[in-house]
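Novice:
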Amino acid sequence: MTDLTVRTLDASSTKITPVTVAALRSKLRGTVALPGEDGYDAARSIWNAMIDRRPALVVRCLGAADVINAVTLARNEKLLLAVRSGGHNIAGNAVCDGGLLIDLSLMKSVHVNPASLTARVEPGATLADFDKEAQGFALATPLGINSTTGVAGLTLGGGFGWTTRKFGLTVDNLISADVITADAKLVRASDKENQDLFWALRGGGGNFGIVTSFEFKLHPLGPEVLSGLVVHPFNKAGELLREFRRIAKEAPDELTTWIVMRKAPPLPFLPTEWHGKEVLIFAACYSGDIKEGEKAMHALRALGKPIVDVISPHPFTGWQAAFDPLLTPGARNYWKSHDFTELSDAAIKVILDAVHTLPSPECEVFIAHVGGAMARIAPDATAWSNRNAHFIMNVHTRWRDRAQDSACVAWARRLFDAAAPFSSGSVYVNFMPDDEDDRVEKAYGTNYRRLAEIKRRYDPNNLFRMNQNIRPTK
Ligand SMILES: Cc1cc2nc3c(=O)[nH]c(=O)nc-3n(C[C@H](O)[C@H](O)[C@H](O)COP(=O)(O)OP(=O)(O)OC[C@H]3O[C@@H](n4cnc5c(N)ncnc54)[C@H](O)[C@@H]3O)c2cc1C
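All letters in the sequence shown, in the order written, are residues 0 to 473 by numbering that gives the first Met the number 0.
And the structure:
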């Protein structure tokens with residue numbers, strides 16, 4: 000083996016000798032994977048096929064000590080560093096070109112304590128890993144809607160899903176985190192220790208260190224929840240959305256409905272004549288008693304004349320994976336997102352116009368109804384500040400053929416620009432693509448200044464910069 004050329008933080012490069020690599024290997028429980036070696040491609044391949052980066056070396060960690068060894072090398076040699084957990088982030092910051100990749104995807108343990116209603120989770124766990132273990136005890140914490148997403152990145156950006164209106168954001172349920180900081184030390188962050196760091200981790204992304212263990216609060220839920228889809232013809236979308244605003248306003252915290260607008264996929268329960276035609280889908284979940292859920296969903300299910308209504312009790316773990324077939328890895332993806340405090344008539348119009356010109360059969364516009372418990376927490380209580388968002392729109396542009404890149408990206412940007420005047424101006428960092436550096440400050444609003452100050456204390460040289468980056472205060 001010859002010296003490795005590795006990119007550094009100042010955009011030049013340095014040489015890492017075979018002796019240094021061998022010394023690192025000898026300290027690890029995990030492995031070092033160099034280009035062409037076992038595990039290298041698995042570690043660098045992520046959900047969004049637009050991202051195809053080749054790190055100079057990968058450390059596949061099996062525990063906190065491995066992470067400390069990898070961070071020590073990165074810090075001593077000033078290496079460009081990326082951190083990967085579930086590998087789902089749309090911006091692709093989980094992988095760097097030419098630098099050091101710390102891969103946490105093999106650290107997947109989930110330990111539930113039903114007596115204390117808590118769970119300890121390692122960063123490589125996916126939502127499916129978490130839900131399957133917690134549902135073994137009919138327990139849950141709010142996570143996202145696609146079961147292959149990583150718990151780590153989702154949590155650090157804030158995290159919301161079907162149970163957020165009832166139980167809050169994922170970060171509202173974080174009790175503590177073990178963090179390897181930029182000086183390669185293990186610290187615990189909680190309400191009692193390193194409170195500033197704990198505040199920053201709850202929405203501030205991967206800016207402050209590498210989390211090797213999360214502790215979450217759990218809530219009784221399931222094993223079945225009333226959930227499913229009501230699919231409507233798209234020509235009724237305007238009236239349906241205007242009616243839906245009233246239903247959303249009056250919804251109890253237990254009821255969460257997301258709107259999906261797209262060309263109908265060939266789902267077995269959809270009549271074939273609808274396959275490939277534009278539809279509006281209400282996807283709904285009631286996080287509570289099934290009978291109460293029937294009452295709470297009545298108004299939604301009575302709207303218009305749906306093509307199908309497939310709402311019924313489903314296992315919670317099944318519902319958490321219901322969208323997986325539409326969100327498989329390997330497609331090209333570009334997202335744009337806005338928060339809305341209300342869905343105005345004008346916002347509805349620009350969204351519907353865009354859905355009439357979807358550039359590929361897999362593109363969709365998702366609108367999540369949030370609020371409830373999430374909105375009752377003060378905007379400065381955690382780094383996540385967008386507590387007044389009632390609706391989060393994600394322009395989820397997805398296609399297969401590289402030749403369609405510019406048409407698909409342009410479609411997403413056009414809708415994003417047209418909807419901007421009606422949005423609240425804030426955005427969820429986990430939905431931002433890699434070309435929105437200028438939006439990071441807006442994403443955190445008035446919390447940005449405090450985040451930049453905490454960044455200065457914990458990571459003054461911005462070692463953790465492959466993320467929606469918060470620049471340390473000078
Ligand atoms: C199909 C799909 C559906 C989604 N649905 C939802 C949803 O319903 N709700 C929701 O809230 N979000 C959702 N998301 C967004 C999701 O929260 C982000 O993509 C999130 O970053 C994924 O986490 P990950 O661990 O898989 O990401 P990765 O790509 O592995 O990591 C993302 C970034 O997080 C940081 N990071 C990762 N692990 C660590 C760690 N252990 N310590 C420190 N920093 C770390 C790094 O900066 C890294 O670049 C969805 C994403 C996809 C692709």
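The C-beta atom is built at its ideal place from N, Cα and C for all residues, glycine as well.
(1) Report yes or no: do the segment 447-467 and the segment 193-207 share at least 3 C-beta pairs separated by less than 8 Å?
(2) Can you tell me where the beta strand (DSSP E) with residue 112 in it begins and where it stops?
(3) Taking DSSP as the reference, what is the three-state secondary structure of residue 92?
(4) Which residue marks the beginning of the alpha helix (DSSP H) containing residue 454, and which one marks its end?
(5) According to DSSP, residue 532 sits in a beta bridge with which residue or residues?
(6) In the DSSP output, what is residue 258 paired with across the bridge?
(7) How is the alpha helix (DSSP H) around residue 440 delimited, first residue to last?
(8) On the DSSP letters alone, give me the boundaries of the beta strand (DSSP E) that residue 231 sits inside.
(9) Indicate whether the contact test is met: 3 or more Cβ pairs, each with one atom in the segment 334-347 and one in the segment 140-150, closer than 8 Å.
(10) Using 10 angstroms around the beta-carbon of residue 263, count the other beta-carbons present and answer buried if the total reaches 16, otherwise exposed.
(11) Residue 369: beta carbon under 7 Å from a heavy atom of ligand 1?
(12) Would the segment 440-458 and the segment 58-76 be scored as touching if the rule is three or more Cβ pairs under 8 Å?
(13) Considering only the alpha carbon of each residue, which of 321, 373, 399, 367 lies closest to residue 358?
(14) When the Cα of residue 124 is compared with those of 149, 113, 298, which residue comes out closest?
(15) Would the segment 181-190 and the segment 111-130 be scored as touching if the rule is three or more Cβ pairs under 8 Å?
(16) In whole angstroms, what is the alpha-carbon distance linking residue 452 and residue 471?
(17) Under 7 Å Cβ to Cβ from residue 29, same chain only, skipping five residues before and after it: list those, please.
(18) Indicate the three-state DSSP secondary structure (helix, strand or coil) for residue 348 in the structure shown.
(19) Over what stretch of residues does the beta strand (DSSP E) that includes residue 18 continue unbroken?
(20) The beta strand (DSSP E) spanning residue 136 covers which residue range?
(21) How would you write the range of the alpha helix (DSSP H) that residue 291 sits in, first residue to last?
(22) Ignore the nearest five residues each way along the sequence and tell me which others in residue 449's own chain have a CB closer than 7 Å to its CB.
(23) Counting pairs of beta carbons, one from the segment 41-54 and one from the segment 91-111, are three or more of them closer than 8 Å?
(24) Would the beta-carbon of residue 265 be found less than 7 Å away from any heavy atom of ligand 1?
(25) Within 10 angstroms of its Cβ, does residue 164 collect 16 or more other Cβ (buried), or is it exposed?
(26) According to DSSP, is residue 188 helix, strand or coil?
(27) If you draw a straight line from the C-alpha of residue 295 to the C-alpha of residue 286, how long is it?
(28) When DSSP builds the beta bridges, which residues end up paired with residue 215?
(29) Using 10 angstroms around the beta-carbon of residue 70, count the other beta-carbons present and answer buried if the total reaches 16, otherwise exposed.
Specialist: Once the coordinates are examined:
(1) yes
(2) 109-112
(3) coil
(4) 447-457 is the span of the alpha helix (DSSP H), which, as asked, contains residue 454.
(5) It is not possible to answer for residue 532, since the shown part of the chain is limited to 0 through 473.
(6) Beta-bridge pairing links residue 258 to 281, 366.
(7) 439-443
(8) 223-232
(9) no
(10) buried
(11) no
(12) no
(13) 399
(14) 149
(15) Contact fails: fewer than three Cβ-Cβ distances are below 8 Å.
(16) 6 Å
(17) 58, 59, 60, 61, 65, 105
(18) In the structure shown, residue 348 sits in a helix (DSSP, three-state: H, G or I).
(19) Taken as a continuous stretch (DSSP letters only), residue 18 belongs to no beta strand (DSSP E), being part of the alpha helix (DSSP H) at 17-26.
(20) No beta strand (DSSP E) holds residue 136; DSSP gives it neither H nor E.
(21) 289-295
(22) none
(23) yes
(24) The answer is no for residue 265.
(25) buried
(26) Strand.
(27) 11 Å
(28) 118, 173
(29) Under this definition residue 70 is a buried residue.
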